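Numbering (the numbering used here), first residue to last: 135 to 400.
We put the beta carbon where it would ideally sit given N, CA and C, even for glycine.
Predicted, not measured: the structure shown is a model, and the values here were computed from it.
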Amino acid sequence: MTATTLRRLIVMGLIVLWEALPRSGLIPELFLPALSSTLVAGWNEAGEYGHALAVTLYEVAVSMAFACGGGILLGGIVGSLPRPRVLIMPMISSLYAVPLVILYPVFTVWLGIGSESKIAFASLYGFLPTMLSTAAGIQTIDPQLLLAARSMGASLSQRLIRVIIPAAIPTVLSGLRVGGALVIVGVVVSEMLISSAGIGYLISRYRTILDSPHVFAGVLLVLAMAIAFNAGIRWIERKAAIWQTGTRGGERAADEIASGVLQPAT
135 MTATTLRRLI VMGLIVLWEA LPRSGLIPEL FLPALSSTLV AGWNEAGEYG HALAVTLYEV
195 AVSMAFACGG GILLGGIVGS LPRPRVLIMP MISSLYAVPL VILYPVFTVW LGIGSESKIA
255 FASLYGFLPT MLSTAAGIQT IDPQLLLAAR SMGASLSQRL IRVIIPAAIP TVLSGLRVGG
315 ALVIVGVVVS EMLISSAGIG YLISRYRTIL DSPHVFAGVL LVLAMAIAFN AGIRWIERKA
375 AIWQTGTRGG ERAADEIASG VLQPAT
């Protein structure tokens, strides 16, 4: 039996148990409603859930751009420059150890309870691991590759885009996976704490009135977002398979510099 088949059987078994255990009375439906009841509850309120999902997806998308894009860019810059790395990395590592959820009330004071505070909080939540992983991945690059790029006249931006990030792509994707997942968590948790819209808000609202089917309908949507994000990362990994080792990525970039595909800085 292959691993893929085994995983599918496990998922199917969990689905069957989710439906059977509440129906049989072994688990009270207040704690775990049957899967069919959850799906019916979500379908009956499809418009409400659709609007909430649109709000959450918007906040997640903007936060991803700031957290993952900014984390990769700044991590690449800091990781490739010795002095900023020595100065900044200990500070970022110490900040990452702090449970950032305690800072969310500060964001609400500064930015209100709208989407702005959720985006700011989730961006910071996902930025730190992305930056740290990118900076750490750069330390695994062969120094000779960077030396060759500099000797051929490549600017910092050219070295960053053509040598550093491609060579560190496995670690970058690992940080992107963690950072993106934390962005989703950050948005949903912040919506559950203080909000007037979004999936997290619906989960919190239905939880207060003990409407378990509607609570789990929201949980299913969050799970679907996480699965879709993971599938997107897997797609990127397949597309970036050529960079699965730092040596191959760096050698290709060096070849492009030598052949004139990557023009040296003037």
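According to the Cβ coordinates, are residue i and residue j closer than 8 Å?
{"i": "LEU327", "j": "TYR238", "result": "yes"}
{"i": "ALA374", "j": "ILE303", "result": "yes"}
{"i": "VAL240", "j": "MET223", "result": "no"}
{"i": "VAL321", "j": "THR268", "result": "no"}
{"i": "LEU207", "j": "GLY260", "result": "no"}
{"i": "LEU266", "j": "LEU234", "result": "no"}
{"i": "ALA188", "j": "ALA351", "result": "no"}
{"i": "VAL196", "j": "ILE253", "result": "yes"}
If you draw a straight line from the C-alpha of residue i to the C-alpha of residue j, how long is it?
{"i": "GLU325", "j": "LEU191", "result": "12 Å"}
{"i": "LEU140", "j": "ALA168", "result": "24 Å"}
{"i": "SER308", "j": "ILE272", "result": "13 Å"}
{"i": "ILE343", "j": "VAL349", "result": "10 Å"}
{"i": "SER393", "j": "VAL323", "result": "Unreliable positioning characterises SER393 in this predicted model, as indicated by a pLDDT of 47, which lies under 50. The coordinate reading is nonetheless provided below. Cα to Cα, the separation comes out at about 50 Å."}
{"i": "PRO263", "j": "ALA270", "result": "10 Å"}
{"i": "THR172", "j": "PRO347", "result": "4 Å"}
{"i": "ILE247", "j": "TYR340", "result": "19 Å"}
{"i": "PHE165", "j": "SER329", "result": "24 Å"}
{"i": "ALA186", "j": "ALA365", "result": "22 Å"}
{"i": "TRP177", "j": "SER338", "result": "19 Å"}
{"i": "VAL319", "j": "ALA256", "result": "8 Å"}
{"i": "ILE295", "j": "PRO156", "result": "53 Å"}
{"i": "VAL243", "j": "ARG142", "result": "46 Å"}
{"i": "LEU148", "j": "GLU250", "result": "37 Å"}
{"i": "VAL280", "j": "ALA288", "result": "The question names Val, but residue 280 in the sequence shown is Leu. Between LEU280 and ALA288, the C-alpha separation is close to 9 Å."}
{"i": "GLY204", "j": "GLY210", "result": "10 Å"}
{"i": "LEU245", "j": "ALA199", "result": "19 Å"}
{"i": "ALA358", "j": "VAL220", "result": "40 Å"}
If I'm right that residue i touches residue j with Cβ under 8 Å, what's the distance once you round it to whole angstroms?
{"i": "ILE367", "j": "ARG311", "result": "5 Å"}
{"i": "PHE363", "j": "GLY314", "result": "5 Å"}
Going by DSSP, what residue range makes up the alpha helix (DSSP H) through residue i?
{"i": "MET146", "result": "137-158"}
{"i": "ALA374", "result": "From DSSP, ALA374 is part of no alpha helix (DSSP H); its letter is neither H nor E."}
{"i": "GLU193", "result": "180-198"}
{"i": "ILE298", "result": "Run containing ILE298: none; DSSP gives neither H nor E here."}
{"i": "PHE255", "result": "249-272"}
{"i": "ILE333", "result": "333-342"}
{"i": "PHE165", "result": "Segment: none, PHE165 is in no alpha helix (DSSP H) and carries neither H nor E."}
{"i": "ILE328", "result": "Neither: ILE328 is in no alpha helix (DSSP H) and is coded neither H nor E."}
{"i": "GLY205", "result": "204-214"}
{"i": "VAL285", "result": "According to the sequence shown, residue 285 is Ser rather than Val. Run containing SER285: 277-285, per the alpha helix (DSSP H) assignment."}
Classify residue i: buried if its beta carbon has 16 or more other beta carbons within 10 angstroms, exposed otherwise.
{"i": "GLN292", "result": "buried"}
{"i": "THR379", "result": "Confidence at THR379 is low in this model, with a pLDDT of 46, below 50, so the placement of that residue is unreliable and no value is reported for it."}
{"i": "VAL194", "result": "buried"}
{"i": "LEU160", "result": "exposed"}
{"i": "MET225", "result": "exposed"}
{"i": "ALA201", "result": "buried"}
{"i": "SER170", "result": "exposed"}
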